[in-house]
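**Q** I am attaching a structure below and will ask some questions about it afterwards.
Number of protein chains: 2
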Amino acid sequence: MAEEVSNKQVLFQDFVTGFPKESDMVLSTGTIRLKVPEGSKAVLVKNLYLSCDPYMRIRMTKGAPDDFSPYIPGSPITGFGVAKVLNSGHPDFKEGDLIWGIIGWEDFTLISEPETVFKIKYTDVPLSYYTGILGMTGLTAYAGFYEVCTPKKGEYIFVSAASGAVGQLVGQFAKLSGCYVVGSAGSSEKVDLLKSKFGFDDAFNYKEEPDLNVALKRYFPEGIDIYFENVGGSMLDAVLANMRLHGRIVVCGMISQYNLEKPEGVHNLMYLITKRIQMKGFEVFDHFSSYPKFLEVTRQYVKEGKIVYVEDTVEGLESAPAALIGIFTGRNVGKQVVVVSHE
Amino acid sequence: MAEEVSNKQVLFQDFVTGFPKESDMVLSTGTIRLKVPEGSKAVLVKNLYLSCDPYMRIRMTKGAPDDFSPYIPGSPITGFGVAKVLNSGHPDFKEGDLIWGIIGWEDFTLISEPETVFKIKYTDVPLSYYTGILGMTGLTAYAGFYEVCTPKKGEYIFVSAASGAVGQLVGQFAKLSGCYVVGSAGSSEKVDLLKSKFGFDDAFNYKEEPDLNVALKRYFPEGIDIYFENVGGSMLDAVLANMRLHGRIVVCGMISQYNLEKPEGVHNLMYLITKRIQMKGFEVFDHFSSYPKFLEVTRQYVKEGKIVYVEDTVEGLESAPAALIGIFTGRNVGKQVVVVSHE
Chain F
182 MAEEVSNKQV LFQDFVTGFP KESDMVLSTG TIRLKVPEGS KAVLVKNLYL SCDPYMRIRM
242 TKGAPDDFSP YIPGSPITGF GVAKVLNSGH PDFKEGDLIW GIIGWEDFTL ISEPETVFKI
302 KYTDVPLSYY TGILGMTGLT AYAGFYEVCT PKKGEYIFVS AASGAVGQLV GQFAKLSGCY
362 VVGSAGSSEK VDLLKSKFGF DDAFNYKEEP DLNVALKRYF PEGIDIYFEN VGGSMLDAVL
422 ANMRLHGRIV VCGMISQYNL EKPEGVHNLM YLITKRIQMK GFEVFDHFSS YPKFLEVTRQ
482 YVKEGKIVYV EDTVEGLESA PAALIGIFTG RNVGKQVVVV SHE
Chain P
182 MAEEVSNKQV LFQDFVTGFP KESDMVLSTG TIRLKVPEGS KAVLVKNLYL SCDPYMRIRM
242 TKGAPDDFSP YIPGSPITGF GVAKVLNSGH PDFKEGDLIW GIIGWEDFTL ISEPETVFKI
302 KYTDVPLSYY TGILGMTGLT AYAGFYEVCT PKKGEYIFVS AASGAVGQLV GQFAKLSGCY
362 VVGSAGSSEK VDLLKSKFGF DDAFNYKEEP DLNVALKRYF PEGIDIYFEN VGGSMLDAVL
422 ANMRLHGRIV VCGMISQYNL EKPEGVHNLM YLITKRIQMK GFEVFDHFSS YPKFLEVTRQ
482 YVKEGKIVYV EDTVEGLESA PAALIGIFTG RNVGKQVVVV SHE
């Protein structure tokens, strides 16, 4: 039997109400054997890169709904990440394979259902990209924009939380589709990034706008055809008032609401009728079958430099709790990644 | 030139904020010639039946949006109705033809664009039915249910304002499609009607439910697949919490909100994401091309007694303002019709 080695972990402390804190997670060191149990089809992986994503806040709430199974107090946080197979009981995986999928926030994870992770075939891009642009985040932007919104050339697109991992990609897909795209973000640094680096036609800092309705009228005098919703609350109200006839809203996230005990009220839903708006909630899990097509398209864009990507990287599991909390205060610029190990 | 005859009219007084009153409309008697102007393609009709519909409140608001062009102070209220052609300058219409479409709340109306009205071909059903079940209301129920919601046999359907003109039909279409359907209404008389006459599987009086969320859990222990939204506000919040995965909400109306200066806030939109709900605003004007198919199906059901229909009828233009106000207090039972003349 293999020897036990030490396994540093980020454990979930207890269910959260309101804003999460670093102390809702705790560092701990356990042990793990670097072999899968005899006869099992599990794989044992060494974790390399972890992804910090807004939906993880939902899993910190007691009784989280449906697909967002709540974290278990005392067990490691889990999330998307990139890892290397050290030992495999599964015929599809062998030592040295790289994978991305749901892993634990720890040095090593025993994945009991390897069917749920993706094998990484292409390593001509940074491996960390599979936590984001070439992983769940990228597929979210791709499927949400192309498959839910069905954009047409020349349409007016608005993206909130636009400098975030999903938003920056939606904006670039929109430009590649011949659309006009404006993004909102929460700092002038992020607004600059949207315009100078990601090629948004325009962008604004929502914190500096006393009236979001007025701001949207300024950026969209003709109205909005597609809204890629990442924030919820008062921004959604302002958008509803500025949608065009037959507009489409894809509801990908509502990060402004996750930490509120009672979400803000949205008052302008009457516009759904008068403007015949379609509003559709969306989870990437329903679109995993599109992954191969998405990967082919997006990897090519990345290699050709037609899509750029910004990561905000911290080193070490010790830094992971603060990195996760940071995405709710907007501290990160671009995709928040935690490096567990570079190889 | 034809002689002028007297023309009783219900005039719109001035724009309304909050709840409309009978005094927002005023009876007046003008004159009209019973011939269309020389060389015009108009038709001159004698009005028979007028329809009172919730969307008319929207037209009483200054700056009503898009398709809901605001009423003009000092001019007659207009709405759907049934009329008889007295004189025609249009090749498609001749004296004696019956039509349904937008007419004035008056004895006689000069319709300047007769292309916008439908000629009534079948008179083997009560003529007043073309103000409702075989007119705009019926098409609203048909297109909203079949074309927007795409129901499947065995699905769970909830209809609010279910005894209203649209709701009673949606429920019957749902039963004819093999669905399970529950309706809400605002009196025990209406609840009885839903169960005994319209064949709803169950029904409840929302005014007697201290907690709508609890009520919906009782009637839909498995959750709701399709919600036909007629009311908005707190009912929508409760429904969102009780939808099933991939549920569909067709937003046909929000009558509880029309008379509020600021609509209620809806807090549960996060469920759009976690349950991948589609919410779609809908106006019957986009579905007029489905009218012939709808008429064929629905007229047959009516003649076979497979669909029943309840009208609440008042006599005379004098009674029209009170009848219209009544639909906002829920006074009517079934489709509210005003008889201007029986022939």
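If you're matching them up, the sequences are chains F and P in order. Position 306, counted from 1, in the first sequence is what the numbering used here calls 487; the numbers after and before it change by one each time, with no gaps. Position 227, counted from 1, in the second sequence is what the numbering used here calls 408; the numbers after and before it change by one each time, with no gaps. Even for Gly, the Cβ is constructed at its ideal location relative to N, Cα and C.
#1: Excluding sequence positions up to five away, which residues of its chain have a Cβ less than 6 Å from the Cβ of residue 323 (chain F)?
#2: Given this structure, state the Cα-to-Cα distance separating residue 480 (chain P) from residue 315 (chain P), to the nearest angstrom.
#3: Rounded to a whole number of angstroms, what is the C-alpha to C-alpha distance between residue 457 (chain P) and residue 336 (chain P)?
#4: Go to residue 230 (chain F), then tell me how far its alpha helix (DSSP H) extends in each direction, as first and last residue.
#5: If residue 369 (chain F) and residue 394 (chain F) are in contact, beta carbons under 8 Å, what's the gap, nearest whole angstrom?
#6: Kindly list, in the order they appear in chain P, the residues whose Cβ is closer than 8 Å to that of residue 320 (chain F).
#7: Could you tell me which residues DSSP pairs with residue 268 (chain P) in its beta bridges?
#8: Name, in chain order, the residues that DSSP records as bridge partners for residue 510 (chain F).
#9: Within 10 Å of its beta-carbon, does residue 253 (chain P) have 16 or more other beta-carbons around it, so buried, or fewer, so exposed?
#10: Does any C-beta atom of chain P lie closer than 8 Å to the C-beta of residue 523 (chain F)?
#11: Expressed to the nearest angstrom, what Euclidean distance is found between the alpha-carbon atoms of residue 290 (chain P) and residue 377 (chain P)?
#12: Taking only runs of the alpha helix (DSSP H) that begin and end inside the segment 297-353 of chain F, which ones reach a length of at least 4 residues, in chain order?
#13: DSSP on residue 213 (chain F), reduced to helix/strand/coil?
#14: Along the beta strand (DSSP E) that carries residue 290 (chain F), what are the first and last residues, could you check?
#15: Give the residues from the segment 403-421 of chain F that approach chain P closer than 8 Å (Cβ to any Cβ), ordered along the chain.
#16: Can you check whether the C-beta of residue 240 (chain F) is within less than 8 Å of a C-beta belonging to chain P?
#17: Using a Cβ cut-off of 9 Å, pull out every chain F residue sitting near residue 462 (chain P), in sequence order please.
#18: Using the C-alpha atoms, what's the distance from residue 473 (chain P) back to residue 240 (chain F)?
#19: Give me the DSSP bridge partner(s) of residue 461 (chain P).
#20: When you compare only the Cα positions, how much space is there between residue 226 (chain F) and residue 321 (chain F)?
#21: Cα separation between residue 495 (chain F) and residue 392 (chain F)?
#22: Quick one: list the residues of chain F neighbouring residue 444 (chain P), beta-carbon separation under 8 Å, in chain order.
#23: Using only alpha-carbon positions, find the residue among P:499, P:469, P:514 and P:512 that is nearest to residue 281 (chain P).
#24: I'd like to know if residue 432 (chain P) contacts chain F, where contact means its C-beta is closer than 8 Å to some C-beta of that chain.
#25: Applying a beta-carbon distance threshold of less than 7 Å, which residues of chain F neighbour residue 467 (chain P)?
#26: The beta strand (DSSP E) with residue 283 (chain F) in it runs from where to where?
#27: Less than 8 Å between CB atoms is the rule here; does residue 339 (chain P) satisfy it with respect to chain F?
#28: Please confirm if residue 237 (chain F) has its CB atom under 8 Å from at least one CB of chain P.
#29: Who are the neighbours of residue 249 (chain F) on chain P, taking C-beta pairs under 7 Å?
#30: Would residue 502 (chain P) be called buried (16 or more neighbouring beta carbons within 10 Å of its own) or exposed?
#31: Using a Cβ-Cβ cut-off of 8 Å, state whether residue 435 (chain F) counts as contacting chain P.
#32: Who does residue 493 (chain F) pair with in a DSSP beta bridge?
#33: May I ask you to verify whether the segment 428-442 of chain F touches the segment 433-452 of chain P, counting CB pairs closer than 8 Å and requiring at least 3?
#34: Just checking my contact of residue 233 (chain P) with residue 491 (chain P) at CB under 8 Å: how many whole Å lie between their CB atoms?
#35: List, in chain order, every chain P residue whose beta-carbon is nearer than 9 Å to that of residue 517 (chain F).
#36: So what does DSSP say about residue 437 (chain F), is it helix, strand or coil?
**A** According to the structure shown:
#1: 475
#2: The C-alpha of residue 315 (chain P) is placed about 7 Å away from the C-alpha of residue 480 (chain P).
#3: 16 Å
#4: Run containing residue 230 (chain F): none in the alpha helix (DSSP H); it sits in the beta strand (DSSP E), 224-232.
#5: Residue 369 (chain F) to residue 394 (chain F), Cβ: 21 Å. No contact.
#6: Per Cβ cutoff of 8 Å: no residues; residue 320 (chain F) is ~15 Å from chain P at best.
#7: P:225
#8: None; residue 510 (chain F) has no bridge partner.
#9: exposed
#10: no
#11: 39 Å
#12: For the segment 297-353 of chain F, the full-length alpha helix (DSSP H) segments reaching 4 residues or more read 317-323 along the chain.
#13: Here residue 213 (chain F) sits in strand by DSSP.
#14: Per DSSP, residue 290 (chain F) belongs to the beta strand (DSSP E) from 289-292.
#15: 413 and 417
#16: no
#17: 450, 451, 452, 453, 454, 455, 456, 457, 458, 459 and 460
#18: When rounded, the separation of the alpha-carbon atoms in residue 240 (chain F) and residue 473 (chain P) is 50 Å.
#19: Under DSSP, residue 461 (chain P) forms a beta bridge with F:459 and P:431.
#20: 25 Å
#21: 35 Å
#22: 448, 449, 450 and 451
#23: P:469
#24: yes
#25: Chain F residues near residue 467 (chain P): 457.
#26: 279-285
#27: no
#28: At a cut-off of 8 Å between beta carbons, residue 237 (chain F) makes no contact with chain P.
#29: 455
#30: buried
#31: yes
#32: F:517
#33: yes
#34: 14 Å between Cβ atoms; not a contact.
#35: In chain order: nothing, as chain P lies at least about 20 Å away.
#36: In the displayed model, residue 437 (chain F) falls within coil according to three-state DSSP, outside both helix and strand.
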